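Novice: Under the numbering used here, think of the first position of the sequence shown as 1, with each following residue one higher. Here it is, the structure in full.
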Amino acid sequence: MASITNGKDFLFTSESVTEGHPDKIADQISDAVLDAILAQDPTARVACECLVTTGMAFVAGEITTSCYVHIPDIVRETIKDIGYTRAKYGFDYETCAVITSIDKQSADISMGVDTGGAGDQGLMFGFACDETPELMPMTIMLAHKLTRKLTEARKKDVLGYLRPDGKSQVSIEYKDGKPHKVRTVVLSSQHSPDITLKEMREDIIEKVVKPVIPPELLDEEIIVYHINPTGRFVIGGPQGDTGLTGRKIIVDTYGGVGSHGGGCFSGKDPSKVDRSASYMARYIAKNIVASGIAARCEIQLAYAIGVPEPVSVFVDTFGTGKMDEKEISKLIVKNFDMTPKGIIEKLDLRRPIYKQTAAYGHFGRNEDGFTWEKTNMADTLKKQAKG
């Protein structure tokens with residue numbers, strides 16, 4: 001993945017998708033199943049995958065739990081909440097087929113996890129920077145805000161002709177490594193067949209884009225808008241494209257800024273370090289930036305299956321650190337328990353908090369449940385760095 005470095009002028013682009021995008025439907029179904037199970041059995045082991053296609057949702061995975069949940073009901077309720085409530089939208093929660101195939105977690109895997117080890121090998125990254133109040137890259141934050149606004153306009157009937165599927169893309173001009181102006185906005189939204197492209201373009205620019213883009217970043221002389229650039233987007237959702245859990249990992253994280261270990265989040269209980277260690281890496285990076293130790297920070301954690309402690313911890317401050325990265329690493333090891341058990345306890349992850357993470361990004365959020373977004377370790381790190 002590309003990294004943004006200080007001292008350069010360039011364009012950088014990130015994208016987001018709405019909750020009605022096929023891949024995001026799948027993510028939300030996977031996390032809705034996870035939440036329903038964790039609400040009854042906080043120590044359950046869940047690996048839940050979903051595929052959605054024309055007229056059908058298929059749920060499969062490995063789940064070990066003492067409780068029972070009715071997965072078809074969860075699937076239909078999730079699809080209904082997203083807004084696929086009529087056959088003419090191409091997908092309908094009442095009439096779509098729901099197929100399930102669930103097994104138990106492998107005994108070979110559970111043997112290592114039961115003793116507090118990581119649920120798999122792998123590498124996970126966390127990132128933070130001082131471009132926004134959320135300590136996130138500006139490009140991905142604006143892309144998420146646009147898709148949220150698009151969904152809000154649909155659900156509140158501000159633009160009643162919109163349908164659930166949609167995407168955004170934001171290109172920002174950076175000067176000396178800082179966001180300067182938004183140069184291009186791409187927005188595509190599924191819509192009813194009776195709206196003209198001209199009317200839709202005007203509505204979306206005025207009621208979706210302009211309320212989101214900060215005035216200091218908006219220059220009408222240079223910005224380019226691409227609103228439904230193919231001209232028509234009536235067929236959408238699972239009717240237009242098959243959706244799968246875990247296919248929007250860059251949308252879920254930092255929009256292409258920094259690195260990604262390759263593992264997705266949705267449908268995985270917190271014993272899976274793909275999810276929990278990525279949240280911890282974000283928590284560490286955000287607190288380092290919030291403490292003032294660095295303006296940009298990326299953390300890599302790596303694990304071996306069945307082994308509690310990470311096999312490596314890597315820190316990169318992209319030249320913005322006020323102290324040596326080796327010293328920052330020592331601060332991290334001293335102040336953060338990076339074992340799966342320690343992460344789960346610190347971030348309180350054995351709760352039904354995950355469906356809300358499955359659309360509009362897992363990071364840069366201030367809703368309840370996003371414990372990895374807290375900066376409650378920043379003062380401690382700042383004091384120890386000075387000491």
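Glycine included, C-beta positions come from ideal geometry on N, C-alpha and C. Since the model is a prediction, treat every value here as computed from it, not as a measurement.
By alpha-carbon positions, which one of Lys8, Val52, Gln40 and Leu38 ends up nearest to Lys29?
Specialist: For the purposes of this step, residue 29 is taken as residue 29 along the sequence shown, with counting starting at 1. According to the sequence displayed, residue 29 carries Ile and not Lys. The shortest C-alpha separation from Ile29 is found at Val52.
Novice: Could you check what DSSP says for Gln169 in three-state terms: helix, strand or coil?
Specialist: Here residue 169 is taken as the residue at index 169 of the sequence shown, counted from 1. In the structure shown, Gln169 sits in a strand (DSSP, three-state: E or B).
Novice: Tell whether a beta-carbon distance below 8 angstroms holds between Glu19 and Pro137.
Specialist: Here residue 19 refers to the residue found at position 19 of the sequence shown. Here residue 137 refers to the residue found at position 137 of the sequence shown. Cβ distance not < 8 angstroms, so Glu19 and Pro137 don't count as in contact.
Novice: Decide if Thr339 is buried, meaning its Cβ has at least 16 other Cβ atoms within 10 Å, or exposed.
Specialist: Locating residue 339 in the sequence shown gives position 339, where the first residue counts as 1. Buried, because 16 or more other Cβ atoms sit within 10 Å of the Cβ of Thr339.
Novice: Which of helix, strand or coil does DSSP assign to Tyr279?
Specialist: In the sequence shown, the residue the question calls residue 279 occupies position 279. Three-state result, Tyr279: helix.
Novice: Checking the sheet assignment: what are the DSSP bridge partners for Pro179?
Specialist: Reading the sequence shown from its first residue, position 179 is the one you call residue 179. DSSP lists Tyr174 as partners of Pro179.
Novice: What residue ranges within the segment 227 to 254 form continuous alpha helix (DSSP H) runs of no fewer than 4 residues, ordered along the chain?
Specialist: As far as the segment 227 to 254 is concerned, its whole alpha helix (DSSP H) runs of at least 4 residues are 237 to 240 and 249 to 252.
Novice: Which ranges would you report for the alpha helix (DSSP H) in the segment 19 to 105 if only whole runs of at least 4 residues count?
Specialist: Entirely contained in the segment 19 to 105, the alpha helix (DSSP H) runs reaching 4 residues are, in chain order, 22 to 40 and 71 to 82.
Novice: When burial is assigned at 16 or more other CB atoms within 10 Å of the CB, is Gly231 buried or exposed?
Specialist: Position 231 of the sequence shown, counted from the start, is the residue given in the question as residue 231. When all chains shown are included, Gly231 counts as exposed.
Novice: How many Å lie between Asp176 and Leu11 at the Cα?
Specialist: Translated into positions along the sequence shown, residue 176 becomes position 176. Translated into positions along the sequence shown, residue 11 becomes position 11. Taking the straight line joining both Cα atoms gives about 11 angstroms.
Novice: So, with DSSP's three-state summary, where would you put His144?
Specialist: Indexing the sequence shown from 1 puts residue 144 at position 144. DSSP places His144 in helix when its eight states are reduced to three.
Novice: Determine the closest residue to Leu135 out of Ile353, Gln384 and Phe363, with distance taken between C-alpha atoms.
Specialist: Walking along the sequence shown from the start, residue 135 turns up at place 135. Minimum Cα distance to Leu135 is reached at Phe363.
Novice: Pick from Thr78, Glu373 and Asp269: whose alpha carbon is nearest that of Gly405?
Specialist: Residue 405 lies beyond the stretch modelled for the chain, which goes from 1 to 387, so this question has no answer here.
Novice: Helix, strand or coil: how does DSSP classify Gly126 here?
Specialist: Against the sequence shown, residue 126 aligns to sequence position 126. The answer is strand: DSSP assigns Gly126 an E or B state.
Novice: Quick one: using the 10 Å Cβ neighbour count with 16 as the cut-off for buried, is Lys179 buried or exposed?
Specialist: Residue numbering aside, residue 179 sits at position 179 when the sequence shown is read from its first letter. Here residue 179 is Pro; the residue named in the question, Lys, does not match the sequence. Label assigned to Pro179: buried.
Novice: Report buried or exposed for Ile222, applying the criterion of at least 16 other Cβ atoms within 10 angstroms of its Cβ.
Specialist: Walking along the sequence shown from the start, residue 222 turns up at place 222. When all chains shown are included, Ile222 counts as exposed.
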